[in-house]
């Protein structure tokens, strides 16, 4: 749940602050940096499902390891998973991402020329590239924060990106513009803008610069200052192998039994050593003998 809250603030800061940076170049005219429909669908369709599944399904370690290491519950009890410090980190992370998402496409669109000799540096193409960079960045960011991957998580991340491009091409089509000309004004922008290879390079560069510092910081933290959960994750396979060894049945080992005697009543000296020696004084019958002779030859206690 704490990871859900941190990511929720991060993705909203990264989305909203792009408008703030854009206002410095639009003369503070209150013009938005994205398309109107993108603003409407961003939270509902493009970025809500992955973070929701992380809040429901994600776990740093399994249930058995959680019971084996009670110290894993201490960070939650101490309130160190979400506090003012983590909120400030999410704010700074969102500010950094918004700066990258706005200024790299802005620099790429400044005095550019396409392969067809036309300059695609218009507002609508800029909005498409910026929105595409934002969607890919925030969905890959939640992938870096996911500890327990399932098919549902993978489908949610890739599906959110696919849904974005699918809806974008639909609302930029000429057919829907004919039906609702005043509501859908970005006619043919997506197909024309994303046809330029250098705009795809701009998107890849924006996403890479946004995620590379996060990857480096996470690597350094888990290497130099790992938490209890990181240490358990690192040795998870070893702990699971130990549990499997404990579950295996112990093989029967035929060993040498120690002779014990229950002869404890009082008798004359020497009987205890005789019983502990384990020697049998009964002779095996040879051939067929008379039962009465066997009874007479059987050793008696007082003759031993």
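In UniProt numbering, the protein residues as written are 1 to 304.
Idealized CB from N, CA, C, for every residue including glycine.
Since the model is a prediction, treat every value here as computed from it, not as a measurement.
Nearest candidate by alpha-carbon position, reference residue i, set the options
i: residue 52; options: 196, 194, 219 and 157; result: 157
i: residue 168; options: 50, 38 and 227; result: 38
i: residue 79; options: 233, 3, 186 and 231; result: 3
i: residue 55; options: 145, 17 and 94; result: 145
i: residue 11; options: 166, 202 and 42; result: 42
i: residue 93; options: 62, 16, 57 and 127; result: 16
i: residue 70; options: 232, 170 and 247; result: 232
i: residue 341; options: 74, 82, 73 and 171; result: Examination of residue 341 is not possible in this model, given that the chain is present from 1 through 304 alone.
i: residue 24; options: 99, 72, 64 and 36; result: 99
i: residue 127; options: 202, 178, 177 and 179; result: 202
i: residue 9; options: 222, 224, 75 and 91; result: 91
i: residue 57; options: 154, 65, 73 and 75; result: 154
i: residue 208; options: 219, 140, 182 and 218; result: 140
8 Å CB neighbourhood of residue i in its chain, flanking five on each side removed
i: residue 49; result: 156, 159 and 160
i: residue 77; result: none
i: residue 163; result: 45 and 46
i: residue 125; result: 109, 189, 192, 193 and 199
i: residue 101; result: 14, 18, 130, 133, 134, 137, 206 and 210
i: residue 302; result: Caution applies to residue 302, whose pLDDT of 45 falls short of 50 and renders its modelled position unreliable; the model cannot decide the point.
i: residue 307; result: Examination of residue 307 is not possible in this model, given that the chain is present from 1 through 304 alone.
i: residue 96; result: 210 and 213
i: residue 74; result: 228
i: residue 219; result: none
Other residues of its chain near residue i: CB distance less than 6 Å, five sequence neighbours each side excluded
i: residue 60; result: 147 and 229
i: residue 294; result: Bear in mind that the predicted position of residue 294 carries a pLDDT of just 48, short of 50, making it too unreliable to give a figure here.
i: residue 21; result: 102
i: residue 186; result: 35, 124 and 172
i: residue 66; result: 72
i: residue 222; result: 230
Nearest-angstrom beta carbon gap, residue j and residue i [assumed within contact, 8 Å]
i: residue 138; j: residue 14; result: 6 Å
i: residue 7; j: residue 142; result: 6 Å
i: residue 184; j: residue 176; result: 5 Å
For residue i, three-class secondary structure by DSSP
i: residue 94; result: helix
i: residue 52; result: helix
i: residue 226; result: coil
i: residue 27; result: coil
i: residue 36; result: helix
i: residue 132; result: helix
i: residue 200; result: helix
i: residue 149; result: coil
i: residue 181; result: coil
i: residue 61; result: coil
i: residue 220; result: helix
i: residue 47; result: coil
i: residue 206; result: helix
i: residue 122; result: coil
i: residue 137; result: helix
i: residue 83; result: coil
i: residue 166; result: helix
i: residue 188; result: coil
i: residue 69; result: coil
i: residue 195; result: coil
i: residue 310; result: The requested residue 310 does not occur in the structure, where the chain is confined to residues 1 to 304.
i: residue 248; result: coil
i: residue 110; result: coil
Sequence-distant residues of its chain with Cβ nearer than 7 Å to residue i (five each side left out)
i: residue 170; result: 176
i: residue 174; result: 187 and 188
i: residue 1; result: 55
Sufficient close CB pairs (3 or more, under 8 Å) joining the region 149 to 160 to the region 28 to 35: no
Three or more C-beta pairs below 8 Å linking the region 71 to 90 and the region 182 to 202: no
The region 127 to 139 contacting the region 96 to 108, beta-carbon criterion three pairs below 8 Å: yes
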